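My numbering puts the first residue of the sequence shown at 31, with every later residue one more than the last.
Even glycine gets a Cβ: it sits at the ideal position worked out from N, Cα and C.
Fair warning: this is a prediction, and the values are worked out from it, not measured in the lab.
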Amino acid sequence: MFSAGISLALCFDQLEAQSDSPQTSQIAASVAARLRKGESLHQAFAARPDAFTPLQIHLIRVGTQSGSLEHIFTQLAVYEEQKRELIQRLKATFTYPILVFAIGMLGLFCLPTLVMGGLFGMLESSGQPLPLLTRVLLGWAHLLRTLWFYPLALVLLAAAYHLALAAWRQDALRLAFLNHLLSLPVLGRVIRMLVTLRFSRCLLLQIRAGVPLLTAISLSAKATAFDPARQVGKDLEEGLRGGQTLAEALAQQTLLEPMLTHMVAAGEESGKLTSLLQCAVRLYEQELTHVLEVAVSLLEPILMAVLGGIVGLFILGIALPLVQLIQTFA
31 MFSAGISLAL CFDQLEAQSD SPQTSQIAAS VAARLRKGES LHQAFAARPD
81 AFTPLQIHLI RVGTQSGSLE HIFTQLAVYE EQKRELIQRL KATFTYPILV
131 FAIGMLGLFC LPTLVMGGLF GMLESSGQPL PLLTRVLLGW AHLLRTLWFY
181 PLALVLLAAA YHLALAAWRQ DALRLAFLNH LLSLPVLGRV IRMLVTLRFS
231 RCLLLQIRAG VPLLTAISLS AKATAFDPAR QVGKDLEEGL RGGQTLAEAL
281 AQQTLLEPML THMVAAGEES GKLTSLLQCA VRLYEQELTH VLEVAVSLLE
331 PILMAVLGGI VGLFILGIAL PLVQLIQTFA
């Protein structure tokens with residue numbers, strides 16, 4: 031609509047009327063009202079930090095000042111669509127492993143009471159000494175039948191959730207936990223790839239829009255929504271202020287993938303930083319797809335083994351005393 035010459039206020043009026051989401055309609059109405067009061071678009075966006083990110087606000091400001099707002103809108107639309115596709119890809123990749131894990135946990139609670147309750151009762155009434163595994167499973171089955179177990183479990187889960195939330199709000203604890211995740215073999219690689227891809231995309235978007243490099247670095251680090259990356263952004267800014275090139279500053283950090291450093295170095299030497307950043311983004315997209323496939327291929331057999339192990343324990347816990355009974359009668 032904006033490219034057709036319609037005013038910004040009318041564009042947001044149309045968005046308010048056409049949106050199926052009450053929240054989106056309310057945001058559009060708020061922006062349109064501020065535009066009619068004489069505020070600029072980036073000021074109207076800045077008044078709604080719950081709806082617009084610092085990156086979006088800054089790019090809109092740059093586009094307004096440079097007269098390239100339509101181009102900024104196009105680039106932002108592409109960026110947001112790529113981000114949405116990445117989120118959808120991650121959801122699709124991990125849906126099956128999460129489902130398998132949930133089935134395993136459900137079996138841990140349902141098998142002792144619903145499926146094997148009668149068998150456990152028969153074994154318990156046989157009067158024969160039971161193996162340790164069977165006694166443990168019987169104890170677990172009795173625990174699941176008690177009325178106080180489920181309220182107590184809910185209280186413990188709620189307490190654990192609040193403790194985890196309180197720990198997450200502590201910057202030092204959150205940073206230590208995220209750094210630990212980075213040290214894990216497969217998950218750490220996936221996280222690095224995700225952070226590098228988001229950082230590269232955001233940096234490319236801002237360089238194309240004419241944002242100063244220091245500002246672009248800061249906003250790109252924040253756009254990753256990853257605390258260690260924000261610290262990397264601060265280190266990169268200090269390096270640039272100290273006279274280093276971007277490639278030299280990138281070479282001193284260990285979070286972002288090394289290939290980004292090589293691409294930036296080649297881009298700075300050739301004067302084609304934008305083209306090589308775009309190439310890096312494409313390569314990281316392909317590499318991330320491959321890494322996710324490898325991660326899932328490793329995760330699926332592990333989860334299936336856990337699921338099979340849970341079922342196997344219950345079968346073994348029943349089979350061992352049955353064999354003892356047969357031997358006694360024989």
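Close beta carbons around Arg-231, own chain, < 8 Å, minus the five adjacent residues each side: Position 201 of the sequence shown, counted from the first residue, corresponds to residue 231. Excluding positions up to five away in sequence, the list reads Tyr-109, Gln-112, Lys-113, Val-311.
Own chain, CB closer than 8 Å to Ala-188, minus 5 neighbours either side, in chain order: Counting from 1 along the sequence shown, the entry for residue 188 is found at position 158. Closer than 8 Å at Cβ, skipping near neighbours: no residue.
Sequence-distant residues of the same chain with beta carbon closer than 7 Å to Val-354, five excluded per side: As a first step, residue 354 must be located in the sequence shown, where it is residue number 324. Before going further, note that residue 354 is Gln rather than Val in the sequence given. Contacts found: Gln-158.
Ala-76 versus Ile-87, Ala-349, Glu-69, residue with shortest Cα-Cα distance: Here the question's residue 76 lines up with position 46 in the sequence shown. Selected option, being the one with the closest Cα: Ile-87.
Buried/exposed call for Gly-269, threshold 16 Cβ in 10 Å: Counted from its first residue, the sequence shown places residue 269 at position 239. Buried: at least 16 other Cβ atoms inside 10 Å.
Three-state secondary structure (DSSP) of Val-241: As a working mapping, residue 241 is identified with position 211 in the sequence shown. Of the three classes helix, strand and coil, the one that applies to Val-241 here is coil, per DSSP.
Beta-carbon contacts of Ala-58 that lie in its chain and below 7 Å, excluding the five residues immediately before and after: Numbered from its first residue, the sequence shown carries residue 58 at position 28. Taking C-beta separations shorter than 7 Å and ignoring five residues to either side along the sequence, the partners of Ala-58 in its chain run Phe-42, Leu-45, Glu-46, Ser-49, following chain order.
Cβ contact check for the region 261-276 and the region 286-305: 3 or more pairs under 8 Å: yes
Cβ-based neighbour list, Leu-106, same chain, cut-off 7 Å, excluding 5 preceding and 5 following: Within the sequence shown, numbered from 1, the residue matching residue 106 stands at position 76. These residues qualify, in order along the chain: Gln-86, Leu-89.
Backbone CA spacing between Thr-304 and Arg-238 [nearest angstrom]: Translated into positions along the sequence shown, residue 304 becomes position 274. Translated into positions along the sequence shown, residue 238 becomes position 208. Going from the Cα of Thr-304 to the Cα of Arg-238 covers about 7 Å.
is_contact[Glu-111, chain B] using C-beta, thresh 8 Å: No chain B is part of this structure, which consists of one protein chain only.
Whole runs of the alpha helix (DSSP H) within the region 41-97, excluding any shorter than 4 residues: 52-66, 71-76, 84-96
Between the CA atoms of Glu-323 and Met-314 - distance to the nearest angstrom: By one-based count along the sequence shown, residue 314 stands at place 284. By one-based count along the sequence shown, residue 323 stands at place 293. Per the sequence shown, residue 314 should be read as Tyr rather than Met. Those two C-alpha atoms are separated by around 14 Å.
Pairwise C-alpha distance: Ile-221 and His-192: Locating residue 192 in the sequence shown gives position 162, where the first residue counts as 1. Locating residue 221 in the sequence shown gives position 191, where the first residue counts as 1. Each residue's alpha carbon lies about 25 Å from the other.
Alpha-carbon spacing of Ile-348 relative to Thr-164, whole angstroms: Position 318 of the sequence shown, counting from 1, holds the residue named residue 348. Position 134 of the sequence shown, counting from 1, holds the residue named residue 164. Taking the straight line from one Cα to the other gives about 7 Å.
Local Cβ density within 10 Å of Ile-247, reported as buried at 16 or more and exposed below that: Here residue 247 refers to the residue found at position 217 of the sequence shown. With 16 or more other Cβ atoms within 10 Å, it is buried.
Beta-carbon proximity check, Leu-318 vs Leu-227, cutoff 8 Å: By one-based count along the sequence shown, residue 318 stands at place 288. By one-based count along the sequence shown, residue 227 stands at place 197. Yes, the pair counts as a contact, with Cβ atoms nearer than the cut-off.
Residue range of the unbroken alpha helix (DSSP H) whose run includes Ser-37: The residue given as residue 37 occupies position 7 in the sequence shown. Element bounds for Ser-37: n/a, residue is neither H nor E.
Element boundaries [alpha helix (DSSP H), containing Thr-291]: Reading the sequence shown from its first residue, position 261 is the one you call residue 291. That run of the alpha helix (DSSP H) goes 288-300.
Which listed residue (Ala-202, Leu-99, Phe-139) has its alpha carbon closest to that of Leu-173: Counted from its first residue, the sequence shown places residue 173 at position 143. Nearest option by C-alpha distance: Phe-139.
Which listed residue (Gln-53, Ser-51, Ala-62, Gln-56) has its alpha carbon closest to that of Ile-36: Translated into positions along the sequence shown, residue 36 becomes position 6. Among Gln-53, Ser-51, Ala-62, Gln-56, the Cα nearest to that of Ile-36 is on Ala-62.
Identity of the residue in Ser-70, Pro-242, Gly-169, Thr-254 nearest Glu-267 by Cα: Your numbering for residue 267 matches position 237 in the sequence shown. For Glu-267, the nearest C-alpha among the options comes from Pro-242.
7 Å Cβ shell around Leu-350 - same chain, five flanking residues per side excluded: Within the sequence shown, the letter at position 320 stands for residue 350. Excluding positions up to five away in sequence, the list reads Pro-161, Leu-163, Thr-164.
Test item: CB-CB of Pro-181 and Glu-330 under 8 Å: The residue you call residue 181 lines up with position 151 of the sequence shown. The residue you call residue 330 lines up with position 300 of the sequence shown. It is not a contact, given that the beta carbons lie outside the stated cut-off.
Closest Cα partner of Leu-328 within the set Ile-340, Ser-96, Phe-124, Arg-64: For the purposes of this step, residue 328 is identified with residue 298 of the sequence shown, where counting begins at 1. Cα-wise, what sits closest to Leu-328 is Phe-124.
Closest Cα partner of Phe-131 within the set Val-336, Val-341, Ile-356: Taking the sequence shown and counting its residues from 1, one reaches residue 131 at position 101. Ranking the options by Cα distance to Phe-131, first place goes to Val-336.
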